[in-house]
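Before any comments, here is the structure.
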Amino acid sequence: MISRKPLIVGIGGTTRIGSTTERALSVALKAVEAGGGETRLLGGEFLARLPIYNPALAEPTPEQVELAQAVRAADGLIVASPGYHGSISGVIKNALDTLEMLRGDARPYLTDRAVGCVITADGWQAAGTTLTALRSIVHALRGWPTPFGAALNATTSLFDAEGGCIEAKDAWQLATVGQQVLDFAKMKARV
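Residue numbers in the sequence shown follow numbering that gives the first Met the number 0, run continuously in steps of one, and reach 190 at the last position.
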């Protein structure tokens with residue numbers, strides 16, 4: 000039973016600071032905070048410093064250790080990726096591949112944790128295929144993809160100057176993902 004606020008870790012963004020994807024992730028994490036959860040964001044700037052995952056390396060880098068420790072501590076996660084050519088970005092895939100470091104843990108990979116999936120893409124086709132790909136990867140890592148996944152069409156502006164959603168439907172999607180991850184973390188804590 001968790002006697003503290005559930006920690007929800009957000010992993011996402013691109014190599015571009017202030018990317019649409021990272022802004023979407025931030026909105027979802029704000030919904031977690033509004034619901035009483037604690038959050039930690041591992042955004043694009045951090046993810047871009049991760050070396051390409053290589054299981055043959057003797058020692059992980061400090062960034063790889065930081066990612067592994069954050070995921071170990073997490074009660075739930077939100078992963079946000081842009082849709083690049085019908086799938087998740089290399090930066091996000093590399094971060095998820097790095098979770099191989101957790102395979103020997105008592106709670107390996109993403110076991111027993113809800114994972115919200117957020118996609119931004121220039122068009123609905125890429126958004127749909129990327130969301131399907133991310134859900135499949137989360138499932139392969141033994142995570143529980145939340146019932147709702149957010150898919151945002153970035154062919155038009157999604158966010159205002161303050162980082163809020165321009166369209167209510169987009170705000171609803173991101174809040175729903177954040178709330179579902181938090182709700183699942185709280186339910187798991189009661190067991």
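Idealized CB from N, CA, C, for every residue including glycine.
For Asn93, there is no enclosing beta strand (DSSP E); the enclosing alpha helix (DSSP H) has its first and last residue at 89 to 97. In this structure, the alpha-carbon of Val78 lies about 14 Å from that of Leu181. In this structure, Ile10 sits away from Val31, with a CB-CB distance that is not shorter than 7 Å. DSSP places Leu24 in the helix class (H, G or I) of the three-state scheme. Among the bridge pairs identified by DSSP, Phe158 is matched with Cys164. Looking from the CA of Phe45, the closest CA among Thr60, Glu37, Leu173 belongs to Thr60. Taken atom to atom, the span from the alpha-carbon of Asn53 to that of Ser86 is near 21 Å. Distance between Ala153 and Ala160, taken at the CA atoms: about 16 Å. For Ala125, the closest of Gln68, Ala149, Val90 by C-alpha to C-alpha distance is Ala149.
DSSP, read as helix, strand or coil, puts Arg134 in helix.
Annotation: Thr155 to Arg141 spans about 34 Å, alpha carbon to alpha carbon.
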